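> If you scroll down you'll find the structure; I have some questions about it.
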Amino acid sequence: MCMATTAENDSAESASGNTQKSLKRACDCCRKRKVRCDGESPCGPCRKATIRCAYLQAPKKKGPKGLRSERVLHALRKIDQSATLTPDSPLSPGLLQDGLSQWYGSSSSSPIPLPNHTAIDGAMPTSTPAEPLTTGYGYYGPPEPQSYAMPPHMGSQALSVDQSMSQLWPTQPPQPQSYYAPPLRQQPAIPRIPNQRILPYVQLFFEHLYFIMPVVDEQIYLDPYMYSSTNYMPPETYAFLCALCAATIVQLDAAIAVPEMEPLPGRPSSAAEMFIEECLKVRQEVDYIGNPSTVTVMTSFFIFAYYGNKESSDKAWHYLQESISFVETLEMDDENSMLKLDALEAQWRRRLYWLLFITERAYSIQRRKNCRLHPTIELPLAFESEDPRLLNGFVNLAHLFSAIDDKFVSIWKGSARRKALCSEPWLAETQRSLDTVALSLAEITETTRIDISVSREWLHILAWQMGVSNGLVCDKGQTSTGRLDYPIEVARRTVDIAERANPLALDSHGIGMEQKLSDIAGCLADVLHVSSGDTSDTFLHGRQYLHLMLNKLSMMRGKESRYLRPLVAKAAGILDSQVPRGMLALPAPAGFDGKVEEKEWNGRVDRQLKWAA
DNA sequence: ATCCTCGGATCGTAAAAGAT
DNA sequence: TCTTTTACGATCCGAGGATT
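Here the first sequence stands for residues 237 to 849, numbered as in the numbering used here.
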């Protein structure tokens, strides 16, 4: 019979036996601090400590997992193995107890499985010895190695922790063996890339790319257990990590010293190729189309990132579209479906949705395609434990691309009746919207700030080009929309951003950053061509900016950008004859390796100019 | 004196195992 | 199918260290 309770406070005698009630649910901070929570919002302890009170963390599923008999059986096997090593030792009850204690712990009163990571007969360890993870893991599954018994359904109901676990291992049949290696049939014919070889690239991702793609849960994917030699990852997780590694390698390219991997027999010598090949192969082993999860979305996204950086645009577009299709299947574009989810799970999904939104907008414009995703759901919030600057930047970027509406994409693509739609007031409004977002850039990490700033200038240039190509140009207009010298202003700001930037932060944006810089430089070159006779300061400076941008592109990601040569060809007639030598002899940008002579730095572009001539 | 951290006692709950 | 056993996550007491 139930005692009278409130929704928040259920009765339970406290540990010390007094009459104080324990809460059903403590807030995230009290849980972490292990202090009594009053369940208010904000709660007393949080108010007192002046910290933000939230109840985002999803409760984990209680109760035993897997079959006890399996564990007993395993303990017996282990004893049997020891007995084989010492043949004359009998299988005494004491030995049996010892064996069981290996699994259940030595204290009968607290039967905690020992953190035994040693593989025995390929068995999976029971638990991770690391500090238990204390934030929610619904999105990408749990950090523990157990494969829980999953209900086969994955409806649109609120996502319980277990349901999200089934996202991590969606292809695991609902077999209740939590603690043991999967059956042999699951082992691939060709051995996998060892887990330890994957980890360095995942670390690189979190070091350099997480700021611009904050959709991967560090707590799960940097958990050392994940990469221990005994952990057999579910195929979907393994394929995802392979895609992430491949994308990380090509995105950073030569910008940093990516760890060399000695080739594995029968595989491509390039680490990125090896990872992408492995990813695509392993993906075939599972029914990821019939049973997609957020991991499936991310896998497609990172395959897209790989091919995007490789400039295989058709394949890149295919995988971007694939990830968007999974987003639609999972109804991640529907705010109502988000409301049904656990709060934390919803936050991760929002991030993923908006990352795809930003990516699709940018890529659609570059490739002149239509957009499928729209700003239909709320933006994500920062998690309790993380640096709020991270999400500020991400959200600002989302705002920036929201300023580019479907009409813009459609006109840019050339499918809309241009003149009828492309009006000066509308373009001016678009330009203005681009400037109204991202006002608090100081509150943002540098990597994201660069992305926002350059993307904004890039979009400004595109909007300007759109106006010009639709007859909205005027010589010295009041608005930016049609001014002929507007690209010079944009270039000035872009150069300013690029010169101040930490080169690594600039490089971490991969080929996308090179494309944007090259688009801006290309437009600038066009304008300078048109106004070749103009010797006013504005146009003289324009040439200076062009020179600086070419210099920047000559050493993107540790080498010459593939966009440099076409640009140099375009700029040849502008720069070599008309720019005063004093202007060409510019100092190396901040952060450039001081060991390289300034002369050489300037010389790179000059050599390119000669080549183009 | 006060605040904070965290080991661990104790509880509720869910799943497995056993009884009928 | 019902009951019991077991495992495990959650709460939060309180010892002890850190800070004011």
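Idealized CB from N, CA, C, for every residue including glycine.
Predicted, not measured: the structure shown is a model, and the values here were computed from it.
Suppose you measure from the CA of L516 to the CA of E443; what does that come to, to the nearest Å?
Roughly 25 Å separates the two Cα atoms.
> Between the alpha carbons of S767 and D489, how many angstroms are there, rounded?
Roughly 37 Å separates the two Cα atoms.
> Using the beta-carbon count (16 or more within 10 Å), is F441 buried or exposed?
Label assigned to F441: buried.
> Starting from Y722 and walking both ways along the alpha helix (DSSP H), at which residues does that stretch end?
Run containing Y722: 722-736, per the alpha helix (DSSP H) assignment.
> In whole angstroms, what is the alpha-carbon distance linking E509 and Y722?
Taking the straight line joining both Cα atoms gives about 42 Å.
> Going residue by residue through the region 500-555, where are the continuous alpha helix (DSSP H) segments of at least 4 residues, counting only ones entirely within it?
With a minimum length of 4 residues, the continuous alpha helix (DSSP H) runs that stay inside the region 500-555 are 507-520, 530-545.
> Under 7 Å Cβ to Cβ from V271, same chain only, skipping five residues before and after it: list those, please.
If we look at V271 and ignore the five residues flanking it on each side, its Cβ neighbours are P281.
> For a test of the three-state rule: what should DSSP assign to S465, helix, strand or coil?
S465: coil per DSSP, three-state reduction.
> Are the Cβ atoms of A639 and S669 separated by less than 7 Å?
A contact, by the Cβ cut-off of 7 Å.
> With DSSP as the reference, label M792 as helix, strand or coil.
Three-state DSSP puts M792 in a strand.
> For the region 443-453 against the region 584-594, are there 3 or more C-beta pairs whose distance is under 8 Å?
Yes, the region 443-453 touches the region 584-594.
> Hey, is the region 571-581 in contact with the region 541-556, meaning 3+ C-beta pairs nearer than 8 Å?
The answer is no - the region 541-556 does not touch the region 571-581, with fewer than three Cβ pairs under 8 Å.
> Excluding sequence positions up to five away, which residues of its chain have a Cβ less than 6 Å from the Cβ of V645?
The residues are S600, C607.
> Which same chain residues, not among the five before or five after M568, have their C-beta less than 6 Å away from its C-beta?
If we look at M568 and ignore the five residues flanking it on each side, its Cβ neighbours are R585, Y589.
> DSSP on M702, reduced to helix/strand/coil?
Note: M702 maps to helix in three-state DSSP.
> With a Cβ-Cβ cutoff of 7 Å, do T535 and F476 count as a contact?
Yes, these two residues count as a Cβ contact at 7 Å.
> Taking the beta carbon of N572 as the centre, do at least 16 other beta carbons fall within 10 Å, making it buried, or is it exposed?
It is exposed - the Cβ of N572 has fewer than 16 other Cβ atoms within 10 Å.
> Please confirm whether S505 and F537 have their CB atoms less than 7 Å apart.
No. Outside cutoff.
> Excluding the 5 residues preceding and the 5 following S465 in the sequence, name in chain order all residues of the same chain whose CB lies nearer than 8 Å to its CB.
Within the same chain, S465 has close Cβ partners A355, P430, N431, Q432.
> Mapping the DSSP letters down to three states, classify D274 as helix, strand or coil.
Correct three-state label for D274: coil.
> Quick check: what's the CA-CA separation for N545 versus V533?
Answer to the nearest angstrom: the Cα atoms are 18 Å apart.
> Our contact map puts R685 next to G758 with C-beta atoms below 8 Å; I'd like the distance itself, whole angstroms only.
Not a contact, Cβ separation roughly 24 Å.
> Given this structure, state the Cα-to-Cα distance separating D743 from L259, to the nearest angstrom.
Answer to the nearest angstrom: the Cα atoms are 49 Å apart.
> Quick check on DSSP: helix, strand or coil for T280?
Strictly speaking, residue 280 in this sequence is Gly, with Thr absent from that position. Correct three-state label for G280: helix.
> Would L782 and A808 be called neighbours here (beta carbons separated by less than 7 Å)?
Cβ distance not < 7 Å, so L782 and A808 don't count as in contact.
> Mind checking Q780: buried by the 16 CB within 10 Å criterion, or exposed?
So Q780 counts as buried.
> Buried or exposed: I525, going by 16 or more other Cβ atoms within 10 Å of its Cβ?
Burial call: exposed.
> Rounding to the nearest angstrom, what Cα-Cα distance links E908 and V438 in this structure?
With the chain covering only 237 through 849, there is no way to say anything about residue 908.
> DSSP state of Q293, grouped into three classes?
Here Q293 sits in coil by DSSP.
> Could you check which residue in G703, L720, I680, S754 has the C-alpha nearest to that of W694?
Considering only alpha carbons, the answer is S754.
> Output the distance between the C-alpha atoms of P739 and L636, rounded to the nearest integer angstrom.
Distance between the alpha carbons of P739 and L636 is about 23 Å.
> Does P616 pass the burial test, meaning 16 or more other C-beta atoms within 10 Å, or should it be called exposed?
The residue is buried, with at least 16 neighbouring Cβ atoms inside 10 Å.
> Quick check: the Cα distance between H610 and F562, rounded to an integer number of angstroms?
Near 15 Å, if we compare the C-alpha coordinates of F562 and H610.
> Under 6 Å Cβ to Cβ from L627, same chain only, skipping five residues before and after it: list those, please.
Taken in chain order, the residues that qualify are A618.
> Identify which residue in I647, T681, F540 has its Cα closest to the Cα of Q701.
It is I647.
> Among residues of its own chain, excluding the 5 on either side of A482, which ones have a beta-carbon nearer than 6 Å to its beta-carbon?
Cβ within range, chain order: A508, F511, I512, Y542.
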